[in-house]
Amino acid sequence: MCGGFKAPLRRMTIKQKKQSTEWTYYIAAEEIVWDYAPTVQEHYLKQSPTRIGRKYKKVVYSQYINESFTERLEYKQRMNERGILGPVIRAQIRDVIKIVFKNMASRPYSIYPHGLTIEKSDEGVNYPAGGTESSHGVQPGETHTYVWRVVEEDEPLPGDPRCLTRMYHSAVDTTRDIASGLIGPILICKSQSLNVRNVQEQHAMFAVFDENKSWYLDHNIGHYTDGTKVNKEDKDFYESNVMHTINGYVFESGPLLGFCNGEVATWHVSSIGAQDYIQTATFYGHVFELNERMEDFLSLYPMTGETITMSMANIGIWLLASLNSHETTKGMRVKFRDVECPNVKLYFIAAEEVKWDYGGYGQRVMGNLYNIHTLKKLKIRMCHHHRRQDKSIPNSRETKFTKVIFRSYVDSNFRTPDIRGEMEEHLGILGPVIKAEVGQSIMVVFKNNANRPYSIHPNGVSYAKQTEGLSYEDGSKYWYKLDNAIQPNHTFTYLWKVDINAGPQADDQDCRTWTYYSGVNPERDIHSGLIGPLLVCREGTLSRNLQNMREFMLLFKTFDESQSWYYETNRELIQKKMQRRTLGPNFKENLKFHCNA
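Okay, here's the thing in structure tokens:
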């Protein structure tokens, strides 16, 4: 009775339709010769009359730019790192995925996605003999269009990461199709999350390719061995054709994975293999966040994937490897990097509360005194300040206040402050000078050591919505707002791009000055002390050694302590110092200070 029933599609609101996107991918199945160990010495997978070696005929998914399937879509980054995997398919809730699939191989194949609710006609699966369904394989030379709609039931839950890691593969004969090479990643993401730019992502698939089950076994035996000497039933021959890989590479032979030091990276890790083959992986030298917990190893069941977040904070070349005790898993290793990148300017900056003296006597961090050169030592007195407090003068003004400042640190541990030298003492209350050239990126690892939320927002440079550092209601989803207000004792990494519009123009000097500041409540945050200089220069400027050139950063601004977050605290202290005398009518006027504080 219910065999012909089809649930009606849910209607979307006008707003949902505007947010919905149709993603079109042109994907072909192509036969290639795959090298499992391109950089490994020959004796590891040596070819012989009874061994195929390291090269096999396989079939892979390739992406093209349009339906003519004449020009491949080549990505500048990450393509080689994916290895044998097909192109990354991405979509979010209420989107439509349109796959124009052309079978350029020599036998029928299909595409079947995990994690999506799909129509029967777009399933791409063949069933065992006796089933009622006809073949879902696409014949050689033919093209078929799959249409998959990402419905609400497919969306990641609130506690899930931004995108779920799933996979797609051919399912004409699932076991043999995957063994032949047809596998790729698919990301199912939360609403509007694909509008986020500058997301650093990497794919690592622990894949066991059993070449004995490949459609091309006979071809490989005939092409690479002496077929008369090969016994398919021989145990050693069988095991020599089972490849334990990461992205299709064995024995650390794949391209170096990884990111720049200081980046917060998203790893999409998945596993394919036998039914009882549970994979346990670890990233040496690094921990990662999974399900809101920090972990150092990851367990994966066959045909599943996980999305993890990792802070690249330990410089070096490290190993991603399987921890399984089975002998063959020793080949499941790949190196990943955590290195300083020359085109990324990296800064470690904290917001810290201090006792600041506008009179020029330095600053005292709550509980710790830092030796800061006083402005009094400067021969060039470019700023005027009112007379310092003197108990012999009844109407003298107070110059010491609780404030919050941006302080530079030497690394992401935020244990060793970067003490200012003689050339920087003029900065006063200003944060560290952030410098970059046109074409570079700026990465700021920000830690809030204060007692209320703060952020960092830059002027002039470009940034994605999720690294804006400014608080206002714009209708964004909550994961766009993680940068808006960093809570006390929390850390966030901002990434900004320095494009040509931020730099000096043709008739300008070599560098152009901007500012950065906290943007939770810009007016009160800045009056509280959170502001600093941002210098954008022409390409090649910062590498020059101009020994006779001195630079000064001057902020001509009135700091109004009555607008500070610490006004009440400072007011109470001033009253106590004045022995509870009534504060005069000009009290608030005496709370204004100028020029680098």
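In case it helps, the UniProt record's numbering puts the sequence shown at residues 1 to 597.
Note that CB positions come from ideal geometry on N, CA and C, so glycine has one too.
In whole angstroms, give me the CA-to-CA distance for residue i and residue j.
i, j, result
"G83", "T117", "28 Å"
"D296", "L257", "18 Å"
"S271", "N343", "34 Å"
"M167", "I308", "16 Å"
"V438", "G503", "6 Å"
"T50", "D226", "6 Å"
"N395", "W356", "Caution applies to N395, whose pLDDT of 47 falls short of 50 and renders its modelled position unreliable; the value that the coordinates give is listed next. Answer to the nearest angstrom: the Cα atoms are 21 Å apart."
"T21", "L73", "20 Å"
"H144", "E233", "38 Å"
"L482", "I531", "20 Å"
"Q505", "E551", "20 Å"
"A281", "G262", "23 Å"
"E211", "W318", "29 Å"
"F401", "N570", "6 Å"
"V230", "M243", "18 Å"
"F559", "D418", "25 Å"
"H527", "Y463", "24 Å"
"I188", "E31", "28 Å"
"D525", "P453", "10 Å"
"Q202", "V269", "8 Å"
"Y301", "K557", "59 Å"
"E155", "E306", "15 Å"
"L420", "L346", "The question names Leu, but residue 420 is Arg in the sequence shown. Between R420 and L346, the C-alpha separation is close to 17 Å."
"R90", "Q466", "19 Å"
"I97", "V60", "20 Å"
"residue 599", "E424", "Since the first residue shown for the chain is 1 and the last is 597, residue 599 is missing from the structure and cannot be characterised."
"E252", "F283", "14 Å"
"A313", "V287", "10 Å"
"V520", "S476", "16 Å"
"S322", "M332", "6 Å"
"M294", "N220", "44 Å"
"S392", "V433", "Caution applies to S392, whose pLDDT of 42 falls short of 50 and renders its modelled position unreliable; the model cannot decide the point."
"S214", "S191", "39 Å"
Can you tell me whether DSSP reads residue i as helix, strand or coil?
i, result
"H373", "Note that H373 has pLDDT 36, beneath the 50 cutoff, so the model's placement of it is unreliable and the number below is only indicative. If DSSP states are grouped into helix, strand and coil, H373 belongs with coil."
"D338", "strand"
"M423", "helix"
"I186", "strand"
"N212", "helix"
"H219", "helix"
"S270", "strand"
"S574", "This sequence places Ile at residue 574; Ser is not what is there. Helix."
"E201", "strand"
"F251", "coil"
"D390", "A caution first: D390 carries a pLDDT of 43, below 50, which makes its placement in the model too unreliable to give a value."
"T282", "strand"
"P417", "strand"
"E523", "helix"
"T402", "strand"
"G316", "strand"
"D229", "Checking the displayed sequence, the identity of residue 229 turns out to be Lys instead of Asp. Three-state result, K229: helix."
"L45", "helix"
"E31", "strand"
Which residue or residues does DSSP assign as beta-bridge partners of residue i?
i, result
"A350", "R407, K447"
"R72", "Y64"
"residue 622", "Coverage of the chain is limited to positions 1 through 597, which leaves residue 622 absent and any answer about it impossible."
"L164", "I188"
Looking at residue i and the ligand GTP, is the gap between the Cβ and the nearest heavy atom below 7 Å?
i, result
"M423", "Judged by which ligands are present, the structure shown has none, so any question about the ligand GTP falls away."
Please say whether residue j and residue i have beta carbons closer to each other than 8 Å?
i, j, result
"Y36", "T245", "yes"
"I456", "V444", "yes"
"Y409", "P458", "no"
"residue 599", "K497", "One cannot answer for residue 599 here, as it falls past the ends of the chain, which runs 1 to 597."
"R107", "P140", "yes"
"S412", "F336", "no"
"S110", "V150", "no"
"G285", "G316", "yes"
"S180", "Y238", "no"
"Y26", "I65", "yes"
"G273", "V208", "yes"
"F69", "A105", "no"
"F406", "K447", "no"
"V404", "A351", "yes"
"M549", "P533", "no"
"E67", "V100", "yes"
Requested in this report: Entirely within the region 448 to 509 and at least 4 residues each: give me those alpha helix (DSSP H) ranges in chain order.
Outcome: none
Query - Any beta strand (DSSP E) of 3 or more consecutive residues that is wholly inside the region 541 to 569 - result: none
Query - Within the region 83 to 157, ranges of the beta strand (DSSP E) (whole runs, at least 3 residues) - result: 89 to 92, 96 to 103, 143 to 149
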